[in-house]
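These notes concern the structure reproduced below.
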């Protein structure tokens, strides 16, 4: 996941799960070193870690995703902000524009 983000120009690093030792993702969130959590769960072994990491992210106001599709959307948004592309509009307006484009 971290490599995938770095390839898109977003600084990222792989961190330890809680069961893997310290400093782990929770330690880094508590210390203020994490600004976006991309946590892709891998089975029962990480289930408790996943809960703890989501809880810590919420407590510290850190946005988080648990799927690669959500991470991809976040990545696109970060890149757009870095290049000051895009504009804020109501969702209904974006839908109307997309629908008009699809209809020709």
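Numbering (the working numbering), first residue to last: -11 to 92. Where is the CB? At the ideal position from N, CA and C, for every residue including glycine. These numbers were taken from a predicted model, which means no experiment stands behind them.
{"Check": "Terminal residues of the continuous alpha helix (DSSP H) containing residue 65?", "Outcome": "56 to 70"}
{"Check": "Pull up the DSSP beta-bridge partners for residue 26, would you.", "Outcome": "53"}
{"Check": "Any contact between the region 43 to 51 and the region 1 to 20? By contact I mean 3 or more CB pairs, one from each, below 8 angstroms.", "Outcome": "yes"}
{"Check": "Smallest Cα separation from residue 31: which of 54, 68 and 12?", "Outcome": "54"}
{"Check": "Can you tell me where the alpha helix (DSSP H) with residue 81 in it begins and where it stops?", "Outcome": "79 to 91"}
{"Check": "From residue -6 to residue 0, what distance separates their C-alpha atoms?", "Outcome": "6 angstroms"}
{"Check": "Taking the alpha-carbon positions, what's the residue 26 to residue 70 distance?", "Outcome": "19 angstroms"}
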